[in-house]
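In the working numbering, the protein residues as written are 415 to 553. Don't be surprised by glycine CBs; every beta carbon is placed ideally from N, CA and C. Treat the numbers as computed from the prediction; the structure is a model and nothing was measured. A quick write-up on the structure given underneath.
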């Protein structure tokens, strides 16, 4: 069953418009075994937010003029450059608004390439998404 909950975010004293958020959870066996259900779910979405990966391909089922937000692990990843990554190009082809969010270069902790770690700052993320959605008149 899809999880639905109202979201009223407050960051740095700034209130973000209350929004209905529906979580697409890959642990939901019923949803994951029903492709038709997944398509219906995404077709109703206005905004798709996800970590860089195959799940962002679901944008092909969204209506044109939707918003796609890709979360990157670190700043110097060429797959996340505007027009350089598969999801930004797909967004362009499908007529979606696209943005990528990643930590500022140098804020990630690097041990080895395989152990690269990012520290996710939710305040920066919410502010970035809020600015993006305002710029395309979604909020």
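Using DSSP with H/G/I as helix, E/B as strand and the rest coil, what is residue 476?
For the purposes of this step, residue 476 is taken as the residue at position 62 of the chain shown. Residue state, collapsed to three classes: coil.
Within this structure, are the beta carbons of residue 467 and residue 510 separated by less than 8 Å?
As a working note, residue 467 is residue 53 in the chain shown. As a working note, residue 510 is residue 96 in the chain shown. Cβ atoms of residue 467 and residue 510: not closer than 8 Å.
According to DSSP, residue 443 sits in a beta bridge with which residue or residues?
Reading the chain shown from its first residue, position 29 is the one you call residue 443. Residue 443 is not bridged to any residue.
Report buried or exposed for residue 465, applying the criterion of at least 16 other Cβ atoms within 10 angstroms of its Cβ.
Numbered from its first residue, the chain shown carries residue 465 at position 51. Classification of residue 465: exposed, given that the 10 Å Cβ count is below 16.
Determine whether the beta carbon atoms of residue 470 and residue 461 lie at a separation below 8 Å.
As a first step, residue 470 must be located in the chain shown, where it is residue number 56. As a first step, residue 461 must be located in the chain shown, where it is residue number 47. No. Outside cutoff.
Residue 465 bridges to which residues according to DSSP?
Start at 1 with the first residue of the chain shown, and residue 465 comes out as number 51. DSSP output for residue 465 lists 485 as bridge partner(s).
DSSP state of residue 538, grouped into three classes?
By 1-based counting over the chain shown, the position of residue 538 is 124. Three-state result, residue 538: helix.
Is it buried or exposed, residue 485, if we count other Cβ atoms within 10 angstroms and call 16 or more buried?
By one-based count along the chain shown, residue 485 stands at place 71. Flag for residue 485 reads buried.
Pick out whichever of 541, 543, 514 has its Cα sitting closest to the Cα of residue 487.
Within the chain shown, the letter at position 73 stands for residue 487. Measuring from the Cα of residue 487, the nearest candidate turns out to be 514.
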